[in-house]
Amino acid sequence: MQLKYRPDGTFRIIQFTDTHIGNMPFHEEDERTFKLIEDALAYFDVDLIIHTGDIIWSEGVKDADIVFEKTMEYFDKAKIPMAITFGNHDTEEIITRSDLRRIFDQKVEVKAEKTHSMIVNDREAYCLEIFHSDKDQVAHAIYLIDSGAAAPLDIGTYDWVLPQQVAWFSETSANYRRGDRHKRHLVFQHIPLPEYWQAATKIIDGVNHETNDAISAPYINTGLFANMVIDGETWGMFVGHDHDNDFEGVYHDIHLVYGNVSGYQTYGAEERGVRIIELKEDDQSIKTYRVKANVFSR
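Just so you know, the UniProt record's numbering puts 202 at position 202 of the sequence shown, and the rest follows in order with no gaps.
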């Protein structure tokens, strides 16, 4: 399904992250998460749903494939284009990323149209294109990058963006570059980049309340952020992963943003909710804000 600005020149994205749906029969906290999904999608008039991973628990979860499928049904009922990437908890045991992609492709009726898809080590990177309202020209490129799970070497805890994915971003972003250095493109993944440490010292909204590592980023830096800066037209990145962080910080004129944890059956003291990203066509401006569930719950 093609994504396009509305005739009034607006486009709105809703980001869910870290829903962490577990075993069936579903826990009462999972039922609360399903209600949050339904309430948010009924309350906000959005054009695109993006989930940035840890959609489900998979370790020790029987029939994780069915759990994933049933979780997707709650999003698909809204009939709004959806795109996803995965986190470190989605494929911990038998189920694989390719299994989940297949289920998503087969069972979700309203999917955003992918371009430039690349899969390496069963991790997909791809683009979405948002078009202008009155012409067949891309206004924004949305990059979704699977940031992996556990560190493959005994260096830190979490995986890093693969060098092949960094090269993919560098090559793919060239297709959308206009040379005007206007910040218009967005990146979504699950695990934060190491540069989120610097962004945490330059917060313009939100909180950095994580009590383990303040930023659970990989210890290896493979250069994605540098390529975002060099591109010159990337506005920022949206991640999940750290449930007690939901801030927006700015580092080297790149916005580094956390989604609001959306799932109840997982750790974290922050109130559950979603993040909204609003795009305006007339000036190509971008703004984002977090909304807690008590605002939109029915």
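Every residue gets a Cβ at the ideal spot worked out from N, C-alpha and C, and that includes glycine.
Burial state of residue i, where buried means 16 or more other Cβ atoms lie within 10 Å
i           : result
D242        : buried
I204        : exposed
residue 359 : One cannot answer for residue 359 here, as it falls past the ends of the chain, which runs 1 to 298.
A136        : A small correction: the amino acid at residue 136 is Asp; Ala does not occupy that position in the sequence shown. Label assigned to D136: exposed.
T91         : buried
Q106        : exposed
D283        : exposed
E248        : buried
E233        : buried
R102        : exposed
I50         : buried
H255        : buried
L279        : buried
L153        : exposed
V274        : buried
R272        : buried
E281        : buried
G60         : exposed
I66         : exposed
I94         : exposed
Beta-carbon proximity list for residue i, same chain, < 7 Å, skipping 5 on both sides
i    : result
M1   : P81, V110, K111, A112, E113
D244 : H209, E210, T211, G268, A269, E270
H116 : Y126, C127, T172
G53  : T17, T85, F86, G87, D90, H190, G240
A214 : A200, N208
Cutoff 6 Å; reference residue i; Cβ partners in own chain excluding five residues on either side
i    : result
V187 : Y143, M237
W160 : P218, I220, T222
D146 : T85, F86, R123, E124
K4   : F131
I277 : I13, T288
A78  : L41
Residue closest to residue i, alpha-carbon to alpha-carbon, out of the options
i           : options               : result
M72         : N88, T33, F44, E92    : T33
R298        : D283, D39, F11        : D39
K202        : H252, K79, L48, F11   : H252
L128        : K77, H185, G240       : H185
T172        : V61, P7, I56, N227    : N227
V120        : R290, I215, R97, V138 : R97
residue 344 : V166, D154, E28       : Here the chain has residues from 1 to 298 only, and residue 344 is not among them.
Y176        : V46, V274, D231, H27  : D231
D290        : V207, I155, A139      : First, the amino acid is wrong: residue 290 is Arg here, not Asp. It is V207.
D30         : E195, I56, R6         : I56
G9          : A141, D134, D180      : D134
Y139        : I286, N23, K70        : At residue 139 the sequence reads Ala, which differs from the Tyr that was named. For the residues I286, N23, K70, the minimum Cα distance to A139 belongs to I286.
H27         : N294, T266, V295      : T266
Close beta carbons around residue i, own chain, < 8 Å, minus the five adjacent residues each side
i    : result
A151 : T157, Y158, D159, W160, P218, Y219, I220
H182 : E233, Q284
V108 : M72, F75, D76, M82
V46  : R12, I13, I14, I80, I276
R6   : D47, S133
Cutoff 8 Å: residue i Cβ touching any chain B Cβ
i   : result
F86 : No chain B is part of this structure, which consists of one protein chain only.
Report the residue ranges of all beta strand (DSSP E) runs contained in full by the stretch 49-108; include only those spanning at least 3 residues, in chain order. DSSP runs (the beta strand (DSSP E)) wholly in the stretch 49-108: 82-84.
Check whether the stretch 255-271 touches the stretch 2-22, taking contact to mean three or more Cβ pairs, one atom from each stretch, closer than 8 Å. Taking a cut-off of 8 Å on C-beta distances, the stretch 255-271 touches the stretch 2-22, as three or more cross pairs fall below it.
Segments assigned alpha helix (DSSP H), at least 4 residues, entirely inside the stretch 189-214: 196-199, all fully within the stretch 189-214.
Go through the stretch 250-292 residue by residue and report every complete run of the beta strand (DSSP E) that reaches 3 residues or more, in order. Listed in chain order, the beta strand (DSSP E) runs fully inside the stretch 250-292 are 254-258, 273-280, 285-292, counting runs of at least 3 residues.
What ranges does the alpha helix (DSSP H) occupy inside the stretch 2-45, keeping only unbroken runs of at least 4 residues that lie completely in it? Listed in chain order, they are 28-43.
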